[in-house]
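Working notes for the structure below.
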Amino acid sequence: ATAATAAAGSTAGSTAGTGGLLLPLSESEQQRYSELFSRCCPPPEAAAAGGSSSSSSSVGELFRASQLPPDTLHQITEVCGAKRVGYFGPAQFYIALKLIAAAQSGFPVRIESIKNELPLPRFMVLKNDSEVRYGTPAELHGVKFQVPHATLEKKSYKRTDEGDKQEPKSPPMSPICSPPASPSTYQRIPLSYGYGKSRSGLEQQHGAPYEVRHSTHQQDGPSSGNYGAKPAVACSTLNQSLSAEREQQDSSAHYSDDPWRITEEQRDYYINQFRSLQPDLNSFISGSSVAKNFFTKSKLPIPELSHIWELSDVDCDGALTLPEFCAAFHLVVARKNGYQLPEALPETLLPEYLQAASLKPMRGCALFESYSESLPGGQQTRDFSRTEKASAEEVPDNPALLQDAKKDEKQALKVNTALKMIPKEFQHLTVKTAAQESNALRARPRSRSYSSTSIEDAMKKGEEPPTPPPRPQKSHSRASSLDLNKIFQQSTQ
Amino acid sequence: IPVSVICFPQQNYPLYIRSIPTENELKFHYTVHTSLDVVDEKISAMGKALVDQRELYLGLLYPTEDYKVYGYVTNSKVKFVMVVDSSNTALRDNEIRSMFRKLHNSYTDIMCNPFYNPGDRIHSRAFDNMVNSMMMQVC
Chain A
1 ATAATAAAGS TAGSTAGTGG LLLPLSESEQ QRYSELFSRC CPPPEAAAAG
51 GSSSSSSSVG ELFRASQLPP DTLHQITEVC GAKRVGYFGP AQFYIALKLI
101 AAAQSGFPVR IESIKNELPL PRFMVLKNDS EVRYGTPAEL HGVKFQVPHA
151 TLEKKSYKRT DEGDKQEPKS PPMSPICSPP ASPSTYQRIP LSYGYGKSRS
201 GLEQQHGAPY EVRHSTHQQD GPSSGNYGAK PAVACSTLNQ SLSAEREQQD
251 SSAHYSDDPW RITEEQRDYY INQFRSLQPD LNSFISGSSV AKNFFTKSKL
301 PIPELSHIWE LSDVDCDGAL TLPEFCAAFH LVVARKNGYQ LPEALPETLL
351 PEYLQAASLK PMRGCALFES YSESLPGGQQ TRDFSRTEKA SAEEVPDNPA
401 LLQDAKKDEK QALKVNTALK MIPKEFQHLT VKTAAQESNA LRARPRSRSY
451 SSTSIEDAMK KGEEPPTPPP RPQKSHSRAS SLDLNKIFQQ STQ
Chain B
1 IPVSVICFPQ QNYPLYIRSI PTENELKFHY TVHTSLDVVD EKISAMGKAL
51 VDQRELYLGL LYPTEDYKVY GYVTNSKVKF VMVVDSSNTA LRDNEIRSMF
101 RKLHNSYTDI MCNPFYNPGD RIHSRAFDNM VNSMMMQVC
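In the order they appear, the protein sequences are chains A and B. Per the UniProt record's numbering, the very first residue in the first sequence carries number 1; after that it's consecutive. Per the UniProt record's numbering, the very first residue in the second sequence carries number 1; after that it's consecutive.
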C-alpha cells in the first residue's frame, strides 16, 4: 500500500506560482491533499482503469474525521461539486479539503473562502498507515503527482467539451504536476523508460494517441485526442519510473515551471508547423484562411480560439508572424492541456520576447538528446544556421519521428497526431538554403516586428558563440546596407 | 463618462451593450434604440459617408434625468451609440470624439480576428477592457 501511495501521492516541484488562474495550494497543502486523496483512492491500477475517483465511503470517513457537523459536510459536498458530478474526483476532493479547512477555521462554506490562505484541514481519526505516511513526508517529496492530475485533465477536457467555461468551481488546476511546457521533466527522460510502453499500451487500448479515456464520465474527447494531450495524463505506473528522474529535475525546474514559457522542442515543433503552412519563416500566415483552418483543427471552441487569436495577434493585423504563431500554438496547447487562458498575453509569449529568445543558445546539448533525431545539431541556433543540412535530414527523419511513438514529449505526440491531420502540407516541406533563411531570419524580424535593434543584437550575439554564422554572401531579400553593417559589426566584436 | 455604450451594425440589432448602472438599464436600451431613428435620418440626409456625428441632446426629453446620447457611424454603417450623463459637464466634445475613435479602433481589431464572424455578438475581452477603461476613466 505504501508503495502505491508513494507513487500516487506526491508533491509538485512548482507551487502556486504559475498564475492566479489556478487555485493556489501551498506546498504543505498539496502534500497533505495528495496523501489524503490517495488514501481515499482505490489502488492505482484500478484508478488507471476506472478513473481515479474516491470511493465515497472512505471520503465520508475522512470528512467525519474532520469533526465538522454533518450539515456542514453536506454543504461542503455540494459546494465542491461532488454532488453535482456524483463522485469525488480529485478536483472535488481538493476543493472539499480546502472547504473543510475553511470551515474548521470558522469561515463559511463557500468557494470564496478557499481562495485565501488556510491552515491544513485537521482530521482527528487517522488510520495507522496514513500516520505513517504523514510521519515520513520525505518519501513523498519530489515525487510528481500524476494520477489526480490525470483526472484533473479529464475534467478540464470534459468541461471544455461541454463548453462549460463558466464553471465557478473549476478544478483547482494547481500546478501540482509540472506544467506541460516544463522542459526539464521531458527532455532528460530516457526514451526507453516505461512510459513509452505504457503509452503505447494506452494507444492500443484507446485507439487514438493520447486520449485519456479512462474516465468515469463519457468523454468522447476526440478533440483533445486528435490534437495531442499532455503525456502525463497516463496511467500511474509511469509515476514510479518517473519519480526518480523528476526529483533530479525539480531543482532545475524553476525556470521551466512557467507553463507559458516555450521550450526548445516546442519551439522547434511550432516552427516546423509554421513552415508547413508558410515556407517563408519571415512572412506571416494569413488569418482568414490558413491560420483559421489550422487552429480550428484543434477542436477548441470558437470563442476560445477567438480569444487565443486576440492574445497572440499582437499587432492586430489579421495575420500571424512566426513568434505570434508560436504564441498562439502554445496557448492552444496549454488550453488543450487544461490550463485556463490568461487574460493578457504572458510576457514569455510576447513576440519580442520570443524573437529575442529564439536565437539564444539554450541549455546545452542534453536538451536535445531525445530530439536529436529530428535536428542535426544540439542547439536551437543550429536549426537556423544549418537548415540546409537540416531540411534534408528533417524530411526523412520527421516522418520516422512521427510514427515513432517512443517519445513521450507532448510535442512529439502532437507531431504524431497533428501531422496525421495535415500530412500533405508537411510532406511538401520545402528545402531552403540555410544562408537565405538565416539571413532573412536575422534581418527580417527587425523589420517585421517592433523590436528594437537591441533584440537583433541579442540575436546576433546569440548566434555567434556556438557556431560561426554563415556570412550573408547571398543578398537577402532586403538589400539594406544597414543590415550588412550590423552583421559585420557583430562579427568583428 | 459614458453611462452606456451600445454598438449596432447596419441591421440595427445590438452587437455590444455595456452600461454602468445595472438598474434602469432597460431605459438606456430603449433610449438608444429610439436614437437609432435619428441616426438613420442623419445618414440619409447627409448622403455621403459620414464619420462622426454628435446628436441627440436629450437634455430636455427626460426632465428628471439628464443625459445626452451621442452617435457615431463608420463607413460600413456600424453605429456606436453612447449615453453620457449630462451632469458631467466637464466632458467635452473632443473627448467624446476620442472615445468614439477608440471604439472604432477596437472594433477594427476585432474584425481582424479570423474567428470573429461579422454580425456576431462581440465577446472580445480586449474590447471589454477598452470599454471598461473608458467608462471608468472619468469616474
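Virtual Cβ for every residue (Gly too), placed ideally from N, Cα, C.
For residue i, the nearest candidate out of the options (CA to CA)
| i | options | result |
| --- | --- | --- |
| A327 (chain A) | A:E27, A:Y94 and A:L345 | A:L345 |
| F294 (chain A) | A:F93, A:K98 and A:W309 | A:W309 |
| D313 (chain A) | B:F115, B:V83 and B:T31 | B:F115 |
| L350 (chain A) | A:R261, A:P303, A:F274 and A:A291 | A:R261 |
| S4 (chain B) | B:I17, B:N12 and B:Y13 | B:I17 |
| L354 (chain A) | A:Y270, A:P301, A:P342 and A:G86 | A:Y270 |
| L300 (chain A) | A:Q340, A:G106 and A:L322 | A:Q340 |
| Y33 (chain A) | A:L120, A:E352 and A:A65 | A:L120 |
| Q10 (chain B) | B:V69, B:T108, B:A126 and B:D40 | B:D40 |
| E29 (chain A) | A:G86, A:I100 and A:V85 | A:I100 |
| K77 (chain B) | B:T34, B:I43, B:V69 and B:L26 | B:I43 |
| L277 (chain A) | A:E265, A:R335, A:E304 and A:L320 | A:L320 |
| S38 (chain A) | A:I76, A:G89 and A:Q75 | A:G89 |
| N117 (chain B) | A:H330, A:A356, A:R335 and A:P303 | A:P303 |
| R275 (chain A) | A:E265, A:F325 and A:R122 | A:F325 |
| A126 (chain B) | B:Y67, B:L103, B:I96 and B:N24 | B:L103 |
| P259 (chain A) | A:H307, A:S298, A:D268 and A:V332 | A:V332 |
| I96 (chain B) | B:I6, B:Y70 and B:H123 | B:Y70 |
| Y94 (chain A) | A:I111, A:F107 and A:G106 | A:I111 |
| R121 (chain B) | B:S98, B:I110, B:V131 and B:S86 | B:I110 |
| Q98 (chain A) | A:I76, A:P323 and A:E27 | First, the amino acid is wrong: residue 98 (chain A) is Lys here, not Gln. Looking at the Cα atoms, A:I76 is the closest of the given residues. |
| L281 (chain A) | A:N272, A:D317 and A:Q92 | A:N272 |
| P69 (chain A) | A:A103, A:E352, A:L36 and A:K336 | A:A103 |
Short CB-CB distance (under 8 Å) between residue i and chain D
| i | result |
| --- | --- |
| L36 (chain B) | Included in the structure are the protein chains A and B, with no chain D among them. |
Residue i, DSSP secondary structure in three states
| i | result |
| --- | --- |
| D85 (chain B) | strand |
| Y13 (chain B) | coil |
| A356 (chain A) | helix |
| G89 (chain A) | coil |
| G60 (chain A) | helix |
| F107 (chain A) | coil |
| L441 (chain A) | Its pLDDT being 40, under 50, L441 (chain A) is placed unreliably by the model, and the measurement read from it follows with that caveat. In the structure shown, L441 (chain A) sits in a helix (DSSP, three-state: H, G or I). |
| R18 (chain B) | strand |
| K79 (chain B) | strand |
| residue 494 (chain A) | This structure cannot speak to residue 494 (chain A), because chain A is shown only from 1 to 493. |
| F28 (chain B) | helix |
| S130 (chain A) | Confidence at S130 (chain A) is low in this model, with a pLDDT of 41, below 50, so its placement is unreliable and no value can be given for it. |
| L124 (chain B) | Looking at the sequence provided, one finds Ser at residue 124 (chain B) rather than Leu. Here S124 (chain B) sits in coil by DSSP. |
| Y94 (chain A) | helix |
| S4 (chain B) | strand |
| Y116 (chain B) | coil |
Contacts of residue i in chain B (Cβ-Cβ under 8 Å)
| i | result |
| --- | --- |
| K292 (chain A) | P114 and F115 |
| G89 (chain A) | What G89 (chain A) touches in chain B: nothing, since even the nearest Cβ is about 29 Å away. |
| E347 (chain A) | Chain B residues near E347 (chain A): none, gap ~17 Å exceeds 8 Å. |
| D313 (chain A) | C112 and N113 |
| E78 (chain A) | Those within 8 Å of E78 (chain A) in chain B number zero; the least Cβ separation is about 28 Å. |
Contact set between residue i and chain A, taken where Cβ atoms lie within less than 9 Å
| i | result |
| --- | --- |
| D93 (chain B) | Those within 9 Å of D93 (chain B) in chain A number zero; the least Cβ separation is about 28 Å. |
Partner residues on chain B for residue i, Cβ-Cβ distance less than 7 Å
| i | result |
| --- | --- |
| S288 (chain A) | P114 |
| E343 (chain A) | R125 |
| E27 (chain A) | Residues of chain B passing the Cβ test: none, with the nearest at roughly 32 Å. |
Proximal chain A residues relative to residue i, where beta-carbon distance stays under 7 Å
| i | result |
| --- | --- |
| D109 (chain B) | C316 |
Interface residues of chain B facing residue i [CB-CB closer than 9 Å]
| i | result |
| --- | --- |
| E264 (chain A) | The contacting residues do not exist; E264 (chain A) stays about 29 Å from chain B at best. |
| E324 (chain A) | Within chain B, no residue comes near E324 (chain A); the closest Cβ sits about 12 Å away, beyond 9 Å. |
| E61 (chain A) | Simply none; closest approach about 44 Å. |
Of all the residues that make up the stretch 112–137 of chain B, which are near chain A by a beta-carbon distance shorter than 7 Å?
Within the stretch 112–137 of chain B, C112, N113, P114, F115, Y116, H123, S124, R125 and A126 place their CB atoms closer than 7 Å to a CB of chain A, listed in sequence order.
Anything in the stretch 297–308 of chain A with a Cβ closer than 8 Å to a Cβ of chain B? List those residues in chain order, please.
Listed in sequence order: I302, P303, L305, S306 and H307.
Where are the beta strand (DSSP E) runs, 3 residues long or more, that stay fully inside the UniProt domain "EH" (266–352) of chain A, in chain order?
none
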